[in-house]
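Student: With this note's numbering as the guide, the letters of the sequence shown map in order to residues 42 to 681.
Each residue gets a CB set at the ideal place from its N, CA and C atoms; glycine is no exception.
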Amino acid sequence: MKWNRVSNWVRKLLLPVSDAILLCAALCLAFLMRFESGADQTLNASYTFSRLFYIVGVYLAAFWVGGVYEILWNYAGSGEVIRLGGLCGAACLVLIAMDMAFAWSVSRGMLVMQAPIAIVLIGGSRLLWRIVANAAWLKDRSARGKMKPGPRLMIVGAGDAGAYLLNMCGSDPSLGRPILFVDDDPQKQKQRIHGVAVRGTTGDIPKLSVKYDIQEIVIAAPDLRGSALNALAEKCKETPCRVRILMQMQTPENAKTHPGMFVRELNISDFLSRDEVTLDTEGISEYLAGKRVLVTGGGGSIGAELCRQIMRFSPRALILFDIYENCAYELLCELRQRYGKECPVHVSIGSVRDVERLEEVFAQYRPEVVFHAAAHKHVPLMEDSPAEAIKNNVFGTLNTLETASRYHAERFVLLSTDKAVNPANVMGATKRVAEMLIQYYAKKTEMKCMAVRFGNVLGSHGSVIPLFERQIRNGGPVTVTHPDVLRYFMTIPEAAQLVLQAGSLARTGSICVLDMGEPVRIDDLARRLIRFYGYEPGVNMDVVYTGLRPGEKLNEELFTENERSCMGRTAHERIMIAPVTLQNEAAFERRLIALRAAAAHNDAGAMDALAQIVPGYRGEQNNADDAAVSCACGLTTGSV
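#1: Write down the C-beta distance between Ala416 and Asn434 rounded to the nearest angstrom, noting that I regard them as a contact closer than 8 Å.
#2: Three-state secondary structure (DSSP) at Glu487?
#3: Drop a sphere of 10 angstroms on the beta-carbon of Cys282, count the other beta-carbons inside from all chains shown, and report buried for 16 or more, exposed for fewer.
#4: DSSP three-state label for Cys553, please.
#5: With Leu566 as the anchor, note down where its alpha helix (DSSP H) starts and where it stops.
#6: Using the beta-carbon count (16 or more within 10 Å), is Gln653 buried or exposed?
#7: Look at the Cβ atom of Met423, then the Cβ atom of Ala450, and state whether they are nearer than 8 Å.
#8: Do the CB positions of Leu216 and Gly200 come within less than 8 Å of each other?
#9: Kindly indicate which three-state DSSP category Val584 falls into: helix, strand or coil?
#10: Please report how far the alpha carbon of Glu400 lies from the alpha carbon of Pro408, in whole angstroms.
#11: Are the segment 474-486 and the segment 600-620 in contact at 8 Å, needing three or more beta carbon pairs?
#12: Could you name the residues of the same chain whose beta carbon sits closer than 8 Å to that of Ala369, not counting the 5 residues immediately before and after it, in chain order?
#13: Could you tell me which whole alpha helix (DSSP H) segments of length 4 or greater appear in the segment 197-235?
#14: Give me the residue from Tyr95, Leu335, Leu125 with the minimum Cα distance to Gly107.
#15: Leaving out five residues before and five after Gly592 in sequence, what residues of the same chain have Cβ atoms less than 8 Å from its Cβ?
#16: Check whether the Cβ atoms of Gln230 and Val239 sit closer than 8 Å, and answer yes or no.
#17: Under 8 Å: do the segment 583-590 and the segment 535-544 share three or more Cβ pairs, one atom per stretch?
#18: Measuring CA to CA, which of Arg149, Val336, Ile351, Ala131 is closest to Ser392?
#19: Can you give me the C-alpha to C-alpha distance between Thr622 and Asp226, rounded to a whole angstrom?
#20: With respect to the beta strand (DSSP E) encompassing Leu691, which residues constitute its N-terminal and C-terminal limits?
#21: What does a CB cutoff of less than 8 Å around Gly498 pick up in its chain, not counting 5 residues either side in sequence?
#22: Counting C-beta neighbours from all protein chains within 10 Å, is the total for Lys485 16 or more, i.e. buried, or is it exposed?
#23: Pair every Cβ in the segment 201-209 with every Cβ in the segment 252-262, then say whether three or more of these pairs are closer than 8 Å.
#24: What are the boundary residues of the alpha helix (DSSP H) that Leu54 is part of?
#25: Buried or exposed: where does Leu56 fall if 16 or more other Cβ atoms within 10 Å of its Cβ makes it buried?
#26: Can you tell me whether Gln542 is buried or exposed, with buried defined as 16 or more other CB within 10 angstroms of its CB?
#27: How big is the Cα-Cα spacing for Ala330 and Ile158?
#28: Hey, quick one: how far does the beta strand (DSSP E) through Met531 stretch, first residue to last?
#29: According to DSSP, simplified to helix, strand and coil, what is Met492?
#30: Assuming Gly620 contacts Ser545 (C-beta within less than 8 Å), just tell me the rounded distance between them.
#31: If distances are taken between C-alpha atoms only, which option among His413, Glu443, Ala131, Arg266 comes closest to Glu397?
#32: Quick one: Cα of Val402 to Cα of Leu359, how far?
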């Protein structure tokens, strides 16, 4: 703290004084270089040094206006040096103009020579200050006993991020002792950054880690995504080293107090990461900016991330509607901390099954855009409680749709699942009926209704990776239902961003399907995670197959055969669209009434009624003249 106070005082008062002295020295050097000794020098000295106050004053004014005295020179780089050079050049031009305007008779060649000399002297003083400040800080840390020798470090990436990390290690040796860089750029091989050599490529990581006794590897490539990061992470995990990754450098001014904030542990999500989503922010902003937005299930994994992403587009109000108050409250606190206490976020506690509560919320806030994320999603639990799944996933969706339509919402986006395709379980069948409700209401209302379908989400509540990690930490075994089970995966931010994008692209009544990439074999995922934690499957950590659970399929699908025949691309490469319509609305209405009655009385009858609505569920086949739903290709009524 004492050193920081001195630093601020020096920057605000002593630096301008120091710069004035150095500018005088630069002028003297330029004068001596421009004029030879004798009468010529004596004559010009009177002209030159009589204008000394103006010359120094113009430079200091340029530095002040250009923000030189606001720069934290401990963290300065080439950008700050370029700014200093530009300001010196600008000051030189101003002085030449003043000489011409006021006939100072000062040598313009001397003024031009002064500028680069000033850059060298002032820039050098800043470098000296940086060295002294860092040395004093390190001495202070050492005196308080906080310095610990760091591990032997390999830095992957000899670019700006790698150089930044190297500087951080110089400021705080407890972060690690950089031994070498690796980089795939051939031009960087055998080069040095601040004395640390680039000794190979990423393919050499395993042998270099052994040769140089490396204890820790840091991937200094914050923008690395997708398959490239996956391959690099796999290569790093071939070594016994601890592996970390450099985070985005949002606040470099905090490097001294929180250096560890810049790196995090490599996690399994990095192995499954894909290329970063590119969004049409203008298209999303058109329907979110300045609007009142309601998110049902706003406290859940996807709902919460939707809320975070929506806030980026400056809504007039954001309403979190959730039955579970703890998660909703935590998200409210997070958003208020990020956007300030005046941020337009409101929390309403309630259930989508409660029509009266929905009425109150819509009457109070009049949302213009609704994202419906509230749902029961756990397959085995819903197999045991099918009536509850129907009440929440089907009639909760119907209640929200009806209320949104009655209060003239402009847009309604349902979050669906790949389990709705040819469903083999209650949860999937109820989400399929929810998709049908979207198609049904697309014809009944002017509100734009659409569904967005995607697969499993990494890190969501109850997802497979936290389960595997828990089993590994407990010593195993790791349980997999079947060796051939395949699932689609995406990250929570990726899913939320694509849902927002789909909301700007979809035609009313259509089903948007997110590109989930290639499916992942759960058995492979479990074994990869076991190795990630330093074990070997079948050697010191067993994998046990427990058999498929009730309602579980080997493979999930993203579209039905009918949808596949009319599936089209959108303006976004990661979003596909099926412009389908509900054909037999009368039959759908009759069966929906029967489903509500059955769900209110008994579970067995509810499942039978559900099978009558969803073709193929439980092997049921509807009569051709009474089919509740079929796909019709082509545009639906109205478009976004």
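Tutor: This is what the structure holds:
#1: Residue 416 sits at position 375 when you count from the first residue of the sequence shown. Residue 434 sits at position 393 when you count from the first residue of the sequence shown. About 5 Å; that satisfies the 8 Å criterion.
#2: The sequence position of residue 487 within the sequence shown is 446, counting from 1. Looking at Glu487 - three-state DSSP - the assignment turns out to be coil, as it is neither helix nor strand.
#3: Position 241 of the sequence shown holds residue 282. Looking at its Cβ environment, which holds 16 or more other Cβ atoms inside 10 Å, Cys282 is buried.
#4: Working through the sequence shown from its first residue, we reach residue 553 at position 512. Cys553: strand per DSSP, three-state reduction.
#5: Stepping through the sequence shown from its first residue, residue 566 is reached at position 525. Residues 563-573.
#6: Here residue 653 refers to the residue found at position 612 of the sequence shown. Buried, since its Cβ has 16 or more Cβ neighbours within 10 Å.
#7: The residue you call residue 423 lines up with position 382 of the sequence shown. The residue you call residue 450 lines up with position 409 of the sequence shown. Contact: no.
#8: Against the sequence shown, residue 216 aligns to sequence position 175. Against the sequence shown, residue 200 aligns to sequence position 159. Result no, Cβ atoms of Leu216 and Gly200 do not sit closer than 8 Å.
#9: By 1-based counting over the sequence shown, the position of residue 584 is 543. Note: Val584 maps to strand in three-state DSSP.
#10: Position 359 of the sequence shown, counted from the start, is the residue given in the question as residue 400. Position 367 of the sequence shown, counted from the start, is the residue given in the question as residue 408. Taking the straight line joining both Cα atoms gives about 12 Å.
#11: no
#12: Mapped onto the sequence shown, residue 369 falls at position 328. The residues are Gly339, Gly340, Leu361, Asp363, Val388, Ile390.
#13: 201-212
#14: Residue numbering aside, residue 107 sits at position 66 when the sequence shown is read from its first letter. Answer by Cα proximity: Leu125.
#15: Here residue 592 is taken as the residue at index 551 of the sequence shown, counted from 1. Cβ neighbours of Gly592 beyond the five flanking positions: Val420, Pro421, Met423, Glu424, Ala465, Asn466, Val467, Met468, Gly469.
#16: Residue numbering aside, residue 230 sits at position 189 when the sequence shown is read from its first letter. Residue numbering aside, residue 239 sits at position 198 when the sequence shown is read from its first letter. Against a cut-off of 8 Å, the Cβ pair of Val239 and Gln230 comes out as a contact.
#17: no
#18: Residue 392 sits at position 351 when you count from the first residue of the sequence shown. Comparing Cα-Cα distances from Ser392 to each of Arg149, Val336, Ile351, Ala131, the minimum goes to Val336.
#19: What you label residue 622 is simply residue 581 of the sequence shown in a count that begins at 1. What you label residue 226 is simply residue 185 of the sequence shown in a count that begins at 1. The straight-line gap from Cα to Cα measures roughly 53 Å.
#20: Given a span of 42 to 681 for the chain in the structure shown, any question on residue 691 remains unanswerable.
#21: As a first step, residue 498 is located in the sequence shown; it is residue number 457 there, counting from the start. The identity of residue 498 in the sequence shown is Val, whereas the question assumes Gly. Around Val498: Ser342, Ile343, Ser504, Phe530, Met531, Thr532, Ile533, Ala536.
#22: Stepping through the sequence shown from its first residue, residue 485 is reached at position 444. Its Cβ having fewer than 16 others within 10 Å, Lys485 is exposed.
#23: yes
#24: Here residue 54 corresponds to residue number 13 of the sequence shown, with the count starting at 1. Neither: Leu54 is in no alpha helix (DSSP H) and is coded neither H nor E.
#25: As a first step, residue 56 is located in the sequence shown; it is residue number 15 there, counting from the start. So Leu56 counts as buried.
#26: Here residue 542 refers to the residue found at position 501 of the sequence shown. So Gln542 ends up on the buried side.
#27: Looking up residue 330 in the sequence shown gives position 289. Looking up residue 158 in the sequence shown gives position 117. Ala330 and Ile158: Cα-Cα distance of roughly 52 Å.
#28: Residue mapping note: residue 531 aligns to position 490 of the sequence shown, counting from 1. Taken as a continuous stretch (DSSP letters only), the beta strand (DSSP E) holding Met531 covers 530-532.
#29: On the sequence shown, position 451 is the one that residue 492 refers to. Sequence inspection shows Ala at residue 492; the Met mentioned does not correspond to that position. The answer is strand: DSSP assigns Ala492 an E or B state.
#30: Taking the first residue of the sequence shown as position 1, residue 620 is located at position 579. Taking the first residue of the sequence shown as position 1, residue 545 is located at position 504. What sits at residue 620 in the sequence shown is Pro, not Gly. Rounded, the Cβ-Cβ distance is 16 Å, inconsistent with contact.
#31: What you label residue 397 is simply residue 356 of the sequence shown in a count that begins at 1. Closest option to Glu397, Cα to Cα, is Glu443.
#32: On the sequence shown, position 361 is the one that residue 402 refers to. On the sequence shown, position 318 is the one that residue 359 refers to. So the alpha carbons of these two residues sit roughly 12 Å apart.
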